[in-house]
Amino acid sequence: MAFRKIFTQHIQKKTCHTMAFYKQHGGYEQAKAALSKRKKPDTLIDLVKASNLRGRGGAGFPTGVKWGFVPKTTDKPKYLVVNADESEPGTFKDRLIMEKNPHLLLEGILICCKAVGIETAYIYIRGEFVFATERLQKAIDEAYDAGFLGNNALGSGQRIDVTVHRGAGAYICGEETGMLTSLEGDRGNPKLKPPFPAIEGVFGCPTVVNNVETLANLPYILEIGADAYRAIGPENSPGPKLFCVSGHVENPGTFELPMGVPLRTLIDKHAGGVWKGRKLKAVIPGGSSAHVLTADECDVAMDIESLAAAGTMLGSAGVIVMDETTCMVDAMLNVMRFYHHESCGQCTPCREGTGWLAKITHRIAHGEGRMEDLDLIQDVCDRMVGKTICALADAAAFPAESIVKKFKSDFESAIQNGGSPAWKKRHPSVVGGAASHA
Amino acid sequence: MPDIKTPTTRWTLNGQEVENTSGMTILEAASEHGVEIPCFCYHPGLSIAGNCRICMVESNRSPKPVISCSERIADGLEIETESEVAVDARNSVMEFQLINHPLDCPVCDKSGECVLQDHSYSHGPDRSRFIEDKNIRHTKELGPTISIWGNRCIVCTRCTRFCDEISGTSELCIVERGDRSVVDVFPGIPIDNQLAGNTVDICPVGALISHDFKFEARVWNMERKDSICGGCSRGCNIEVETLDGFVKRLMPRENQDVNDWWMCDEGRYGWRHLYSDDRVLEARGPSGPLDSSRSITAFIEILDNSPRVAFLIDPFLTCEELHLVHALAASSSDSLVGGWLPEQGAAAEFPAGFKISADKHPNRNGAEQVFGHQVFGEDASHLQRALDDGSIETIVAFCGGPDPDGPGQEWSAALVKASTRILFSVLEGNWLDGAALVFPATAPLEKEGTWVSEDDRLQRTRSCWKPGETPFPGELVLLQSLQSALGTRSRSLSAAGIFRELSEVCAPFAGHNHSDIGSSGLLLSDRPAGVGAGGGA
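Chains V and S, in that order, give the protein sequences. Read in numbering that gives the first Met the number 0, the first sequence has 6 at position 7, and its numbers run on one by one without any break. Read in numbering that gives the first Met the number 0, the second sequence has 477 at position 478, and its numbers run on one by one without any break.
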């Protein structure tokens with residue numbers, strides 16, 4: 000079966016975001032079928048389980064299994080919280096769906112609500128996504144007007160309400176439990192697990208947390224069935240996938256391709272290759288939290304298992320390409336400043352570790368590095384990984400340890416030659432470093 | 000051994016199979032077996048935050064180390080607290096905690112009782128690998144009694160959780176993110192709740208500093224004595240800390256039956272009047288100061304020449320002192336005893352159950368046990384009427400409270416109708432004018448003896464300092480000297496001895512003695528139902 004785009008098929012059309020356009024192209028048919036009274040919720044969960052759909056937010060958890068954790072009988076309301084925070088650097092796929100294809104997301108939400116027995120869904124959207132918020136709200140209004148949402152969603156007798164909630168610009172609010180805390184009105188600190196959100200999530204009630212792209216897969220799964228879906232890409236992490244390519248390429252953008260597309264093909268064919276005819280130096284394959292790959296390691300398929308085997312992760316599929324002129328010290332400084340700025344500060348290893356890493360990297364970049372700093376960075380990373388409530392410490396440590404390990408010569412050069420090339424260029428008079436600590 | 004009915008869990012701690020009540024956390028259960036796991040953010044009175052990460056231990060159920068304050072024991076669980084993984088996790092956290100923490104222990108008030116300092120000795124590195132500039136965070140007043148020294152803050156959130164959960168006032172919050180995060184208040188809303196001082200106690204470092212104690216003493220130089228707060232009739236258990244015989248600080252002492260881990264600010268800071276310049280520090284007659292023996296002679300002379308003596312007791316006196324007054328009153332025929340109560344204050348109850356009583360004195364209940372429960376009611380009215388109709392010439396009145404007005408205007412006006420007045424007072428005041436004899440009274444924190452709280456709990460209060468350059472004999476000693484001079488006492492006893500006498504003659508105290516009261520007190524059980532001490536509120 001030829002690969003069919005489901006997210007980006009029509010995005011060049013001016014009216015692609017409207018309900019009329021969406022319905023014209025078969026929209027809401029799957030939700031109607033799913034919400035019909037004859038359809039049992041469990042069959043939907045079984046179908047999604049059988050499809051092997053894996054979460055598209057970063058962790059890649061099987062979606063059907065996650066739904067299965069929600070208690071069938073409970074006296075509390077159940078919630079769906081759609082993670083539309085998309086805060087991972089290098090990632091811009093959910094935004095595309097929400098801006099160009101918002102009804103696809105709404106149809107996915109309807110299907111999920113039916114499967115799990117949910118009446119209230121929140122879309123927690125990144126605050127900076129003003130345009131996406133407008134488009135999404137418009138789509139929701141259209142859906143309410145058409146009776147697709149509301150007290151009698153799609154005539155099913157089931158109440159399904161969807162509310163858009165804007166975040167205020169914190170990376171940590173893209174972390175599942177941090178998002179729930181923020182949605183509750185508190186400072187967006189991640190919560191201790193257990194209890195997991197499926198048992199005790201937002202407002203202390205069972206909650207499904209799914210990524211935008213994950214939910215947008217659902218109508219297609221219902222349409223073609225689990226077997227056909229599993230045939231797209233590798234069996235264990237199948238499906239159409241949005242890949243975001245940014246950095247030093249000729250044609251950056253979001254590309255919809257089957258899961259498992261070779262990374263080289265993605266960069267060279269779809270993204271137009273490394274820009275200006277330069278050579279590839281490094282690639283971060285799954286958002287800034289992933290281990291970096293060297294040019295030699297880039298012969299890898301873009302799917303969950305293959306990238307894990309290569310020692311990194313698919314994450315949010317934010318592919319950041321760096322050409323041969325990139326100083327990896329500066330690249331790491333950029334990443335470390337981000338995590339230092341975004342750590343929520345509740346867990347000690349992350350609060351202190353992110354700041355420490357940023358300071359060491361800053362010092363190396365500015366010509367005051369010491370050779371022993373390279374071991375120190377590795378050691379600080381070791382001390383951060385797996386020791387915190389959420390994965391932000393890991394997300395900071397993974398790129399740090401892999402950049403230093405794989406591009407050691409860049410660091411040695413910065414230490415020996417008075418700083419990174421970019422810094423020296425900006426500060427020609429102080430080359431050689433300020434008063435050294437060494 | 001756990002009760003048979005309580006379900007237990009068998010698990011393995013450091014290679015040894017152990018058993019605990021099901022549902023406990025690893026940290027609590029390990030502690031029962033003598034394995035103390037370090038912690039910062041954990042406090043038994045607060046919810047679990049799990050943010051400091053120092054209590055990480057190795058578990059057979061998790062590939063990563065788990066936090067023992069939050070993880071619960073389970074059958075078959077194997078926990079290692081001293082394995083390489085656990086020790087490394089702990090040491091990591093210590094290193095992280097210390098990199099931005101200032102080395103200002105020499106000027107920090109928490110030094111010596113600082114959890115970070117203690118854990119640093121046990122688990123911290125002996126040198127720092129951190130050569131960067133340390134972060135600077137704000138130092139500012141958060142309220143009238145508390146300041147934050149932000150550089151020291153380890154963001155454990157004990158104080159914010161206290162304000163959310165115990166006082167229910169939520170003034171404190173964490174502002175900023177990452178290693179800039181620090182405790183602060185919202186603009187224009189200072190921390191000014193009645194329990195605010197507890198946040199300083201539970202701060203594991205010297206980040207929250209009490210203005211009252213700032214730079215007052217090094218904690219290791221202070222002496223500590225267990226006592227009871229005399230600020231209201233709750234009877235909060237406290238620890239009185241003194242330096243060179245001077246009170247420096249009151250701290251709450253854990254008692255799950257009374258005050259949990261807390262005390263109110265009214266009690267905590269309510270001891271300054273002990274050092275007032277207006278204290279009565281020596282006995283005096285109309286013609287001037289009297290030494291101990293002359294004052295007793297004068298007292299006896301007055302008693303001998305009075306056909307009818309009345310006693311006005313106060314609810315600050317200990318049960319032992321009250322017993323002596325009772326005995327003294329009983330020795331003269333036709334005597335009258337009544338009691339006065341301070342004005343009612345504000346009662347309060349907090350979300351977690353901590354209470355402040357409206358009765359701003361410690362021992363109304365005890366006095367009612369010793370004299371019968373009419374002493375502040377019918378007996379007092381009777382005494383007042385007798386004073387009004389002039390049938391009382393001589394009265395002995397006590398005031399151990401912090402009010403310079405003594406027993407208040409109404410009683411002061413009634414007292415002057417007795418021509419001869421022997422007055423015991425903590426502070427100088429107008430009500431002492433024209434007294435035949437004035438004796439210095441002891442205040443709470445200066446008394447040795449027992450009080451009975453509004454919940455009927457018999458507790459020991461301890462004398463923690465002695466006022467005056469030449470300490471005066473307190474009521475306990477003085478009343479016994481009077482008895483000796485009158486020939487009704489053969490030898491002078493300690494408070495414990497007087498209590499023994501009391502327990503022999505007064506039913507509610509029967510069978511008890513000072514040593515079995517212990518540090519957490521005991522309930523006076525055999526009171527008839529319905530005869531409560533309350534009713535004042």
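Each residue gets a CB set at the ideal place from its N, CA and C atoms; glycine is no exception.
- For Glu-304 of chain V, the enclosing alpha helix (DSSP H) begins and ends at 303–308.
- Between the segment 138–151 of chain S and the segment 194–211 of chain S there are three or more inter-stretch CB-CB distances shorter than 8 Å, so the stretches are counted as touching.
- For Gly-49 of chain S, the residues of chain V that pass the 7 Å Cβ criterion are Leu-191 and Ile-388, in the order they occur in the chain.
- Residue-level contact check: Glu-199 of chain V does not touch chain S, since none of the beta carbons of chain S fall below 8 Å from its beta carbon.
- Residues of the segment 53–75 of chain S with a C-beta less than 7 Å from any C-beta of chain V: Met-55, Lys-63, Pro-64 and Ser-69, listed in chain order.
- Residues of the segment 332–346 of chain V with a C-beta less than 8 Å from any C-beta of chain S: His-339, His-340, Glu-341, Ser-342, Cys-343, Gly-344, Gln-345 and Cys-346, listed in chain order.
- Across the set S:Phe-315, S:Glu-94 and S:Trp-464, the C-alpha of S:Trp-464 shows the shortest separation from the C-alpha of Val-239 of chain S.
- CA-CA distance, Ser-411 of chain S to Gly-496 of chain S, rounds to 34 Å.
- Judged by DSSP secondary structure, Cys-158 of chain S falls within the alpha helix (DSSP H) whose first and last residues are 157–164.
- By the neighbour-count definition (other C-beta atoms within 10 Å, threshold 16), Ser-50 of chain V is a buried residue.
- C-alpha of Val-81 of chain V to C-alpha of Lys-424 of chain V: approximately 45 Å in a straight line.
- Counting along the chain, Pro-251 of chain S sits inside the beta strand (DSSP E) bounded by residues 245–251.
- Comparing C-alpha distances from Ala-216 of chain S to each of S:Pro-105, S:Glu-77 and S:Cys-398 shows the shortest one belongs to S:Pro-105.
- At least one beta carbon of chain V lies nearer than 8 Å to the beta carbon of Gly-177 of chain S.
- A distance below 7 Å between beta-carbons, with the five flanking residues on each side excluded, links Trp-274 of chain V to the following residues of its chain, in chain order: His-247, Val-248, Glu-249 and Asp-322.
- Of all alpha-carbon atoms in S:Val-336, S:Pro-466 and S:Arg-89, the one lying nearest the alpha-carbon of Tyr-274 of chain S is that of S:Pro-466.
- For Ile-98 of chain S, at least one C-beta of chain V is nearer than 8 Å to its own C-beta.
- Residues of the segment 183–210 of chain S that bring their beta carbon within less than 9 Å of a beta carbon in chain V are absent altogether.
- When DSSP states are grouped into helix, strand and coil, Asn-304 of chain S belongs to the coil group.
- Within the same chain, and ignoring the five residues on either side of Thr-441 of chain S in sequence, the residues whose Cβ sits closer than 7 Å to its Cβ are Gly-399, Gly-473 and Glu-474.
- Between Phe-498 of chain S and Gln-368 of chain S the beta-carbon gap is near 12 Å, outside 8 Å, which marks them as no contact.
- By the Cβ rule, the segment 220–229 of chain S counts as touching the segment 451–464 of chain S, because three or more pairs are nearer than 8 Å.
- Annotated three-state conformation of Gly-173 of chain V is helix, per DSSP.
- With contacts defined by Cβ atoms closer than 8 Å, Leu-321 of chain S and Trp-339 of chain S do not form a contacting pair.
- With the rule of 3 Cβ pairs closer than 8 Å, the segment 385–395 of chain S counts as touching the segment 405–421 of chain S.
- Residues of chain S whose Cβ lies closer than 7 Å to the Cβ of Thr-353 of chain V are, in chain order, Gly-177.
- Within the DSSP bridge table, the entry for Phe-310 of chain S names S:Val-336 and S:Val-395 as partners.
- From the listed residues V:Gly-276, V:Gly-232, V:Gly-272 and V:Arg-277, the smallest Cα separation to Glu-255 of chain V is found for V:Gly-232.
- Glu-131 of chain S has a beta carbon lying within less than 8 Å of a beta carbon in chain V.
- In this structure, the beta-carbon distance from Ile-108 of chain V to Val-161 of chain V falls below 8 Å.
- In the three-state scheme derived from DSSP, where H, G and I count as helix and E and B as strand, Gly-67 of chain V is classed as helix.
- For the segment 144–171 of chain S, the residues whose beta carbon sits under 8 Å from a beta carbon of chain V are, in order, Ile-153, Val-154 and Thr-156.
- Within chain S, the C-beta atoms nearer than 8 Å to that of Leu-375 of chain V come from Arg-128, in chain order.
- Of the other Cβ atoms in all chains shown, 16 or more fall within 10 Å of the Cβ of Asp-302 of chain V; this residue is therefore buried.
- Interface with chain S (8 Å Cβ-Cβ cutoff): Gly-385 of chain V is included.
- For Ser-91 of chain S, the nearest beta carbon of chain V is closer than 8 Å to its own beta carbon.
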